[in-house]
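Trainee: Residue numbers (this note's numbering): 500 to 603. One structure coming up, written as structure tokens, with questions to follow.
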């Protein structure tokens with residue numbers, strides 16, 4: 500199964516599948532997508548109203564990676580459950596951190 504992220508010179512792009520209105524924000528493992536790729540499943544406590552869930556996705560991913568929220572942005576899928584999250588930073592450091600995150 501391929502990892503749910505890709506690396507480039509400026510950072511990484513992480514694919515996440517979001518379930519809003521969970522009892523608490525948490526990682527839920529790596530799930531396969533229909534196109535042969537994978538996504539990191541996130542349960543998010545915020546409801547999908549007025550961007551609250553998207554803001555919580557950014558906050559939660561930044562917290563899990565130990566980086567500033569300003570380095571995490573949603574670049575695709577603002578209104579969908581499957582989102583592309585852009586993470587700016589050193590690709591070598593991000594690779595190790597994202598691999599550990601995906602491993603659970």
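We treat Cβ as the ideally placed atom computed from N, Cα and C, and that holds for glycine.
Going by DSSP, what residue range makes up the beta strand (DSSP E) through residue 596?
Mentor: As a working mapping, residue 596 is identified with position 97 in the chain shown. Taken as a continuous stretch (DSSP letters only), residue 596 belongs to no beta strand (DSSP E), being part of the alpha helix (DSSP H) at 590-602.
Trainee: Mind checking which residues open and close the alpha helix (DSSP H) that includes residue 520?
Mentor: Indexing the chain shown from 1 puts residue 520 at position 21. Segment: none, residue 520 is in no alpha helix (DSSP H) and carries neither H nor E.
Trainee: Determine the DSSP secondary structure at residue 540, reduced to helix, strand or coil.
Mentor: The count along the chain shown starts at 1 and reaches residue 540 at position 41. The answer is strand: DSSP assigns residue 540 an E or B state.
Trainee: Give me the Cβ distance between residue 571 and residue 538, rounded to the nearest whole Å; I'm assuming they're in contact under 8 Å.
Mentor: Numbered from its first residue, the chain shown carries residue 571 at position 72. Numbered from its first residue, the chain shown carries residue 538 at position 39. Contact flag wrong, Cβ pair sits at about 16 Å.
Trainee: Nearest to residue 569 by CA position, among 578, 602, 559, 514, is which residue?
Mentor: Position 70 of the chain shown holds residue 569. The shortest C-alpha separation from residue 569 is found at 559.
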